[in-house]
Structures are given as C-alpha cells and as structure tokens.
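Undergrad: Residue numbers (the UniProt record's numbering): 1 to 691.
For every residue, glycine included, the Cβ atom is placed at its ideal position computed from N, Cα and C.
This structure is a prediction, so every number in the text was calculated from the model and none was measured.
#1: To the nearest angstrom, how far is it from the Cα of residue 638 to the Cα of residue 269?
#2: List the endpoints of the continuous alpha helix (DSSP H) containing residue 536.
#3: To the nearest whole angstrom, what separates the beta carbons of residue 209 and residue 461, a pair I think is in contact under 8 Å?
#4: Am I right that residue 507 and residue 131 are in contact with their C-beta atoms under 8 Å? What's the rounded C-beta distance?
#5: Within this structure, are the beta carbons of residue 513 and residue 505 separated by less than 8 Å?
#6: Look at the alpha carbon of residue 464 and the alpha carbon of residue 255, and state the distance between them as a whole number of angstroms.
#7: Buried or exposed: residue 88, going by 16 or more other Cβ atoms within 10 Å of its Cβ?
#8: Here's the rule I'm using: 16 or more other beta-carbon atoms within 10 Å means buried, otherwise exposed. How should residue 581 be labelled?
#9: Tell me the DSSP secondary structure of residue 77 in three-state form.
#10: Taking only runs that begin and end inside the segment 348-430, name each unbroken beta strand (DSSP E) of 3 or more residues, in chain order.
#11: Identify, in the order they occur along the chain, each residue of the same chain with its Cβ nearer than 7 Å to the Cβ of residue 574, setting aside the five sequence neighbours on each side.
#12: Can you list, in chain order, the residues of its chain whose CB lies under 6 Å from that of residue 524, leaving out five sequence neighbours each side?
#13: Can you give the beta carbon distance from residue 444 to residue 195, rounded, assuming they're within the 8 Å contact cut?
#14: Residues in its own chain within less than 7 Å of residue 98 by CB, not counting five upstream and five downstream?
#15: Any heavy atom of the ligand MG closer than 7 Å to the Cβ of residue 216?
#16: How about the segment 405-416 and the segment 390-397: do they share at least three Cβ pairs that are nearer than 8 Å?
#17: For residue 481, collect the residues of the same chain with a Cβ closer than 6 Å to its Cβ; drop the 5 residues on either side in sequence, then sort them by chain order.
#18: Can you list, in chain order, the residues of its chain whose CB lies under 6 Å from that of residue 36, leaving out five sequence neighbours each side?
#19: Using 8 Å for Cβ pairs, my map puts residue 267 next to residue 369. What's the rounded Cβ distance?
#20: From the DSSP output, which residues share a beta bridge with residue 29?
#21: Considering just the uninterrupted stretch of the beta strand (DSSP E) at residue 191, what are its terminal residues?
#22: Determine which residues share a DSSP beta bridge with residue 500 and list them.
#23: Among 216, 117 and 242, which one has its Cα closest to the Cα of residue 296?
#24: Name the one or two DSSP bridge partners that residue 639 has.
#25: Per DSSP, what kind of secondary structure is residue 172 in: helix, strand or coil?
#26: Look at the alpha carbon of residue 474 and the alpha carbon of residue 530, and state the distance between them as a whole number of angstroms.
#27: Compute the distance between the beta-carbons of residue 239 and residue 396, then report whether it is under 8 Å.
#28: Please report the straight-line C-alpha distance between residue 181 and residue 151, rounded to a whole angstrom.
#29: On the DSSP bridge list, what partners appear for residue 446?
#30: Give a yes or no on whether the minimum CB-CB distance between residue 221 and chain C is below 8 Å.
#31: Check the DSSP bridge columns for residue 133 and list the partner residues they point to.
#32: Kindly indicate which three-state DSSP category residue 455 falls into: helix, strand or coil?
#33: For the alpha helix (DSSP H) that contains residue 693, what are its first and last residues?
#34: Can you tell me which residues form a DSSP beta bridge with residue 599?
#35: Do residue 7 and residue 94 come within 8 Å of each other at the CB atom, strictly closer than that value?
#36: When the Cα atoms are used, what is the spatial distance from residue 5 to residue 419?
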C-alpha cells in the first residue's frame, strides 16, 4: 500500500514520476483544474468585496471523488502541479478540496521531469504560496469583469458569440493599427547605384556612398544622373581601407516567447503547435529501455537563467564535442529582462548529452525538429563568441565615393552549431574582398542604377506579434498562444499569407471599444496591470485593491456604453452570383473555418458552397480553363485549373497574368523566407525580390 499520494496535472507525468519515486508513492492526475469559476455566470460578487464563487468543473466530479478517496488513505498528500501561477492555484484548490493544510509542506515543484530533479524536489516541499494564488485569482477576476460585462454588450449591439478580453483586445488593436498604417502609407522614391569592379582577376561589388566624402541620398533619377556626370573614365582609386575585428555573442537560451518566434521562423510552426509539442517534450517521451523521460525543462517561462548544474554539463559536452576553444570564456549571470518574473529557468534540454540524432527513433518528425532547435540554442548560448574579420573600402572617382564591405569568419564559435533567425535580415555569410591597399586602382566593370520605393510596415506574423506583445509587457508566457488562437476563432482577424489582417468584424469591435472602453485597449494601461499582478505575486500589493481600483472607473464606462452604444448591423456581403437551387442571391458568411458562400434565403434554403477564388490567369497547360486558388487538406494554398479533372495543371507557386519577357513562358510568384520573388517557370529570368 502506497504511503504518499502525489497529485500532478497530466496522466503522462503521473506515470513517469511514479516510476521515479518508487512503491511508497502513488501518483494521480487531476487533469488540470478541478475547481474554477462557473461558466454560466460571472462568479464574482462585486458588492461583497469581489468575493469569488468557485465550483467543481462540470465532468470533473468523478476525478475529484477519486482524489478524495486516495487522499483519505494516504499518510501525506503532495501537490505537484506545474511551477507557475496557474499550477499554484490548482494546488490551492486541491488542498481545500482534500482538506490539506495549505501552510503545511505539501507543495512540490520541479522544472524538469528527470529522476534527479524529481527526487531532489521531494526533499524540499514547501507551503502553498498564497501570493502566487492571489496573482492568478486577480487575473481570473479581472478577465471575468471585462469579459462577462463587455461580451454581452457586444452580443446585443453587434453580433452574438463575440467576446472581449484584456490581452486579446490589445492584440487585435495592434493588428488594426498596423493595417491603418499600411493603408495610409505613401511610398517615397529612392535610388541606388550598384557597381561591379575588377582588381586583377577578381570581381567584387561596391555601392554608391556619397559625394565629396559625405553620404548622399539619391531621391530621383536626376540625382543619379548628377552622380554619373561627376565621374570620368573606368578607373577608381582606393581612398581608404579599414580592417576591424568584430565579435558576435550567441543568443540567450529560449524563453516561451523567443521559442515561439524562432519555431515560426525556422520550422514554420504556429504558436499553438509549438506549445503543444513543447508540452509533450516536457512531460516525457518513451525512450525504450530508458523508459519515459522529460526531454526539456518547463516551457512557460520569461527567464533566460540557467542553473549552474546545467551550465557545467553543457561545458563538458562542448569541451568533448568541439574542443576547449569553443567554451564560453565566462558564464556570468544572465541579465534579467524587464517585465520578467524570472520564476524558473529558460527552456533547455534536460541533458546536453541527449543529442537529437540519438532520439530520432523515439520522436515524431516535428517533436525532433523542435527538440533539435531547443538543444542547439541552449548549447550555442554556452559557447564562445564568433570572431569576424571585417573590411571596408572606399573607392573614389572624381568627387564620387563608392563603398565596398566584406567580412570573413575568423573563428566560428557558437555559429558552428547555431545562428539565431531574424525577421528582417539575411543570416551572415562570408563576403570576401580582394586584397586592396590605399592608392590601388580598380576598374569599373558595370554600374547599375536601380529605382526603389519605400515599403509600408509589414503586417504582423505570429512571431512578430508575440515579440511585440512581449516587448510592450502585454500578457505573459502562458497567454501568447491562446490569445492568437482566440482572436482568429472569434473572426476578428484572419491569416493572409501567414500575416494577420483585421476583418470587418474586428475593426467594428475595436472601434466600439476604443470609444467606450479606451483603457482596455491602452497598451500602457494593460502593461501596468500586468506589472500590478506581478506585484501581487511578490506580496507587494493586495489583489482586491487592484480589482477595486480598476472597477471603479470601469463600472462608469459600462453604464455609459449600455446607454449610448448604437447597434451595428453587419450586412452580408453579396457574392455576385445566384443560388442554383432557388435563384436567390448568394452571400458571403463567416464560419468556424473561414468565409463561405450561403444562400440569402436561409433558413428556407440551406445551400452553401466553398468560395472559388479566381486569380485572373488563364491555365498555361490547357489554355481553356482559369487558374483558381485551392487549399490542401493541411490548409496549404496551391493553384490549379478549374477544369479539373479534365486538366491536371497544379502549382504550389502563384502564376501571374503576364509572361516572361525572355522566353514567353508563365511567370510565377515564389514565396521566400524573406519576401516574394517573381521568376520564370521555365528559364532563369528573375525580377527584384519584394519584401
């Protein structure tokens, strides 16, 4: 008979931890929360100092009953929910339900599910941290007051099924504001002059820098012609050569936010998928003879801190795999980020010696890809700086200066294993220049003036939005993925080419909230509220005070909105065709999986069909049909002929309504990591890459 009962959140963890602890311990799963606020009502007594009404979650009665029975038989109960605010709240609810003293040493926390970490954590049980519980309770109450008051108002004035929330509303506002910036953007013309030069047998590139030794912007073709007139002959003199050594530091190990961003950039994962896979790696993977082992540390964190034990292990691995010269000179203390709770370590592998290649047979393809990313990022963070030799050369002809820059990796350091991805820049590569000295002459091979136009700010990808929310102090590690999921499910935003665009519904809701509840959408206000919740966690503030201060002004705005907010009618958009069943006009409607066409005579006629999106291109194969946009089962966009199956034309790249000027074959739009490239589907013709 087991003497001790341990309660965790998931069955996967329960099996692993029970095996580590031995026969005296029985480990059961609560399956997440068992107690929560009721769904059918607010559950917060505003008149009675915001007293909270908790109930057993529907369907969790049998689970709670089983836990109570097991608790009565046990000599001691340990509550081992996740090491964050939510986990602390789960432990607190379980303690009250099972008659466990919250002040006793009943709470056990661990950052990784490995044998040593689990055994060590049970040597140091503690009381439940009521400050953490209060911070979580404050967030829940705050979100209830906002959601359960504003949402019914939106149902009444706009459309049923809408919702409002503190973090999700700010996220939608950011997307809306960006769209307004894009629409208001006025492109400005500018020019560049790219030059190709020859020194001996070597060719290199240089770019126009300025006139009379000063940097000059080229804003028109007249400016370009003026520069070209200022030069004579094909020979340029090397005016200066500057050589420097530049050092580059590795990126810190992952936080929740940076993990989601990098997985989006390098693996093309959505935030929701990243967190699902990370949860699996954290809870444990069956490694055959070794049993089930947690492969990464807890994945909800805003800290880049690494334990001394993990640093020492990484040091040993790097020394054996790469050599002493690749070790970080000094581990030092990671600088704590602003807004970081620093509750536990960064996301890292539980063992540096568990190489991704050795786990290939045990992991799914996507699990392995994410684990490899986490493993490489962690080890690279503990490796030596990269050293680059850089060279800058100024070439002069008359009063015109061209500048060439080159770089070479002198010592790769961490770059031998991993280089952080970026949203805007191309990863660093060697770009060599000939051995040039001051006074040397080089010959011009070609000068190519190019016209450009400034681009509007880019729409948010999931990675950019998560990064922006984190930088602004909006939300916390556990909220990013659910927030992005919610705003799409509610129909406030849609993804177009993996970038967020606001829907008409999203614009209407945000405009109404800006008019009547501006503080909910105010970035500074929301960030300050997050800081207040952190202060509750640290015992600096009482949670009721925060809620009371917020609700005093919120209640006034709510009453005003109920009286003054006008009803908004969202008309169905005509689809431009009639229903083949009854002859009434078809309209566009929004469903769970996006837009579709439906008969306007609903419910008398229930005809619906998918939207066929023509792209204005005649099929290049049969030359009879029209190319339409389709979606695969995995929601990937491709293009095919509308005469299928008679014509089997298919392309993953978007065909364009113009032909190649070189060979007259169809041009396609190729999506690259850093933009879009128009190129020929047959020959080597390419146009300038668009961002």
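TA: Looking at the atomic coordinates:
#1: 19 Å
#2: 523-537
#3: Rounded, the Cβ-Cβ distance is 33 Å, inconsistent with contact.
#4: The Cβ separation is near 40 Å, so there is no contact.
#5: no
#6: 15 Å
#7: buried
#8: Looking at its Cβ environment, which holds fewer than 16 other Cβ atoms inside 10 Å, residue 581 is exposed.
#9: Strand, per DSSP.
#10: 386-397 and 400-411
#11: 585 and 587
#12: none
#13: 6 Å
#14: 67, 68, 71 and 77
#15: In the structure on display, the ligand MG does not appear, and there are no ligands present to speak of.
#16: yes
#17: 271, 272 and 275
#18: Within its own chain, the residues whose Cβ lies closer than 6 Å to the Cβ of residue 36, once the five positions on either side in sequence are excluded, are 57, listed in chain order.
#19: 5 Å
#20: 8
#21: 189-199
#22: 495
#23: 117
#24: 629 and 651
#25: helix
#26: 7 Å
#27: Contact flag set, yes.
#28: 28 Å
#29: 196
#30: The question asks about chain C, but that chain is absent: this structure has only one protein chain.
#31: Within the DSSP bridge table, the entry for residue 133 names no partner.
#32: coil
#33: No information on residue 693 is available, as it lies outside the stretch 1 to 691 that the chain covers here.
#34: 586
#35: yes
#36: 45 Å
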